[in-house]
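Enquirer: Okay, so the sequence shown: first residue is 1154 according to our numbering, each after it adds one.
First, the structure itself, so that you have it in front of you.
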Amino acid sequence: MNPVNNTQHPLPGSVMIAQEVPLADKNWFRTGGTARFFAAPTSAAEFSQAVAWASGHNIPLFVMGEGANILISDDGFQGLVIQPVLTGLSHTLLNAHEALVSAQAGVRMHDLIEYCLTHQLLGLEEFSGIPGTVGGSVYINLHYFEFLLAQFLVEAQVIEKKTGQIMTVDKAWFQFDYDYSTLHHHEYYLIGATFLLQRATALETAYAQGRRTEIIRHRKSRYPTARTCGSFFRNFFPSEVFLETQGKKVIWVAYYLDKVGVKGNLRHGNATVSYQHANMIVAEPGATSTDIITVARTMQTLVFEQFGIIPQPECQLIGFDQYPLLK
Ligand SMILES: Cc1cc2nc3c(=O)[nH]c(=O)nc-3n(C[C@H](O)[C@H](O)[C@H](O)COP(=O)(O)OP(=O)(O)OC[C@H]3O[C@@H](n4cnc5c(N)ncnc54)[C@H](O)[C@@H]3O)c2cc1C
């Protein structure tokens, strides 16, 4: 890291770089230390400047959304955290059946879905009740049952980390897969994305609104909704597992975690495995990220001892000097 002086840093174009900013109030676990530097750009130009500032000073960079799928080390992050506050939303009607909706990276999925339903545009309501921003959701290729966000994305704007250059890219550029996109290499950051949605009548929209309400009700009754990152571990790839049922590989990580009896039972400090879902860790008041890591490692160990496979995190681990889980 190159030296930087010890004051706040207003960059040309006015994005402010603050120092020692707490991150616990910016993520869903509500744990973790501070960001050495922190910026909340409100335009693509400011976002690009903040990225260039980190690159220019050789400072590690982490771009976050709503913090719904991250675990931040208790030691914090010794670099620049950028939380883009880019909230633009617009749409264009293409023909009688289709429309394009553009949303910037900082728009919450909740607000994007509400916007779409208000304008009688359907598709994204399948992701109702899932926290996170457009940036984090494109990053992970948001999924719920058979629906993937990639099914709807047609185009996006990204910033290249190395140059700060803003580029328009198409869906193929992202190389989307389960829990995967090109953004995983942290060489590009999302500024905004455009989704192709279906136009609907008022009646069809009312049905979609009802479906949204039902999905949210269902999720609330089945999963914890606070101080968690959702599923901590990703499902296995078929090549990773041995167990089969009816000729099909058992890839569901929650199946294995259920079998080893962690649900509602395993605890360390103030972190515990949810009594509702074997793959969800919940941070109770007073929990630390270290508590959560200890629970997660124990989950990995128990599955390995019984099944010979090691669950791998879907949750992004931020600011850990050494990788704290089993590989
Ligand atoms: C209660 C609960 C339920 C959940 N249920 C589901 C579910 O059903 N399906 C599902 O898929 N996920 C689920 N999740 C996980 C989470 O909602 C998603 O991963 C979401 O997309 C995270 O978005 P975020 O903005 O909070 O990203 P963050 O958690 O802030 O970041 C996650 C990753 O995205 C990257 N990122 C964020 N913004 C950008 C950007 N602009 N450019 C490049 N990279 C970026 C970050 O660098 C990080 O690597 C759940 C989480 C919770 C807490």
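For each residue, glycine too, the CB sits at the ideal point set by N, CA and C.
Here the structure is a predicted model, which is why all the values come from computation and not from measurement.
If you follow the alpha helix (DSSP H) that I1369 is part of, which residue opens it and which one closes it?
Expert: Residue 1369 sits at position 216 when you count from the first residue of the sequence shown. First-last of the alpha helix (DSSP H) with I1369: A1355 to R1375.
Enquirer: DSSP on A1188, reduced to helix/strand/coil?
Expert: Counting from one through the sequence shown, the residue named residue 1188 turns up at place 35. Residue state, collapsed to three classes: strand.
Enquirer: Regarding G1422 and ligand 1, is the C-beta to nearest heavy atom distance less than 6 Å?
Expert: Counting from 1 along the sequence shown, the entry for residue 1422 is found at position 269. No, ligand 1 has no heavy atom inside 6 Å of this Cβ.
Enquirer: Give me the Cα-Cα distance between L1239 and V1448, rounded to the nearest whole angstrom.
Expert: Working through the sequence shown from its first residue, we reach residue 1239 at position 86. Working through the sequence shown from its first residue, we reach residue 1448 at position 295. Taking the straight line joining both Cα atoms gives about 35 Å.
Enquirer: Which ranges does the alpha helix (DSSP H) cover as unbroken runs of at least 4 residues, wholly within the stretch 1247-1302, from first to last along the chain?
Expert: 1262-1271 and 1287-1293
Enquirer: Tell me whether N1159 is buried or exposed, calling it buried when 16 or more other Cβ atoms sit within 10 Å of its Cβ.
Expert: One-based indexing of the sequence shown puts residue 1159 at position 6. Its pLDDT being 47, under 50, N1159 is placed unreliably by the model, and the measurement read from it follows with that caveat. N1159 is exposed by the Cβ-count criterion.
Enquirer: What is the residue span of the beta strand (DSSP E) that L1343 lies within?
Expert: Position 190 of the sequence shown, counted from the start, is the residue given in the question as residue 1343. Going by DSSP, L1343 is part of the beta strand (DSSP E) stretching over Y1341 to R1352.
Enquirer: Can you find the residues in the same chain that come closer than 6 Å, C-beta to C-beta, to I1105, ignoring five residues on each side of it along the sequence?
Expert: It is not possible to answer for residue 1105, since the shown part of the chain is limited to 1154 through 1480.
Enquirer: Can you tell me which of the three DSSP states Y1409 falls into?
Expert: Sequence index remark: in the sequence shown, residue 1409 carries index 256 (1-based). Y1409 falls in the helix class under three-state DSSP.
Enquirer: Of all the options F1230, T1316 and R1352, which has the alpha carbon lying nearest to the alpha carbon of L1247?
Expert: Counting from 1 along the sequence shown, the entry for residue 1247 is found at position 94. That would be R1352, whose Cα lies nearest to the Cα of L1247.
Enquirer: Give the straight-line distance between the Cα atoms of T1441 and V1254, rounded to the nearest whole angstrom.
Expert: Start at 1 with the first residue of the sequence shown, and residue 1441 comes out as number 288. Start at 1 with the first residue of the sequence shown, and residue 1254 comes out as number 101. Looking at the two C-alpha atoms, the distance is approximately 39 Å.
Enquirer: Less than 6 Å separating the Cβ of V1216 from some heavy atom of ligand 1?
Expert: As a working mapping, residue 1216 is identified with position 63 in the sequence shown. Yes, the beta carbon of V1216 sits closer than 6 Å to at least one heavy atom of ligand 1.
Enquirer: Reducing DSSP to helix, strand and coil, say where F1460 ends up.
Expert: Taking the sequence shown and counting its residues from 1, one reaches residue 1460 at position 307. Of the three classes helix, strand and coil, the one that applies to F1460 here is helix, per DSSP.
Enquirer: Tell me which residues share the same chain as P1477 and place their Cβ nearer than 6 Å to its Cβ, disregarding the 5 neighbours each side in the sequence.
Expert: Mapped onto the sequence shown, residue 1477 falls at position 324. So the qualifying residues of the chain are I1446.
Enquirer: Along the alpha helix (DSSP H) that carries G1209, what are the first and last residues, could you check?
Expert: Numbered from its first residue, the sequence shown carries residue 1209 at position 56. Unbroken alpha helix (DSSP H) run through G1209: A1197 to G1209.
Enquirer: Give me, in chain order, the residues of the same chain whose beta-carbon lies closer than 7 Å to that of S1226; leave out the 5 immediate sequence neighbours on both sides.
Expert: Sequence index remark: in the sequence shown, residue 1226 carries index 73 (1-based). Taken in chain order, the residues that qualify are G1185, G1186, S1442, I1471, G1472 and F1473.
Enquirer: Between the alpha carbons of A1203 and I1235, how many angstroms are there, rounded?
Expert: Indexing the sequence shown from 1 puts residue 1203 at position 50. Indexing the sequence shown from 1 puts residue 1235 at position 82. Cα to Cα, A1203 sits roughly 7 Å from I1235.
Enquirer: Going by other Cβ atoms of all chains shown within 10 Å of its Cβ, with 16 needed for buried, is D1444 buried or exposed?
Expert: Indexing the sequence shown from 1 puts residue 1444 at position 291. Buried, by the Cβ-count rule.
Enquirer: Less than 7 Å between the beta carbons of V1435 and R1387, yes or no?
Expert: Numbered from 1 along the sequence shown, position 282 holds the residue referred to as residue 1435. Numbered from 1 along the sequence shown, position 234 holds the residue referred to as residue 1387. No, the Cβ-Cβ distance between V1435 and R1387 is not below 7 Å.
Enquirer: Please return the same chain residues whose Cβ sits closer than 7 Å to the Cβ of N1432, not counting the five positions on each side in sequence.
Expert: Along the sequence shown, one-based indexing puts residue 1432 at 279. Closer than 7 Å at Cβ, skipping near neighbours: S1384, F1385, F1386, V1406, A1407 and L1410.
Enquirer: Using only the alpha-carbon positions, how far apart do I1283 and T1354 sit?
Expert: The count along the sequence shown starts at 1 and reaches residue 1283 at position 130. The count along the sequence shown starts at 1 and reaches residue 1354 at position 201. Looking at the two C-alpha atoms, the distance is approximately 25 Å.
Enquirer: Would you check if the distance between the CB atom of I1212 and the CB atom of Q1469 is smaller than 7 Å?
Expert: As a first step, residue 1212 is located in the sequence shown; it is residue number 59 there, counting from the start. As a first step, residue 1469 is located in the sequence shown; it is residue number 316 there, counting from the start. No.
Enquirer: Tell me whether R1420 sits in a helix, a strand or coil according to DSSP, three-state version.
Expert: Stepping through the sequence shown from its first residue, residue 1420 is reached at position 267. R1420 falls in the strand class under three-state DSSP.
Enquirer: Contact check, V1311 vs I1344 under 8 Å by CB: the rounded distance?
Expert: Numbered from its first residue, the sequence shown carries residue 1311 at position 158. Numbered from its first residue, the sequence shown carries residue 1344 at position 191. About 6 Å; that satisfies the 8 Å criterion.
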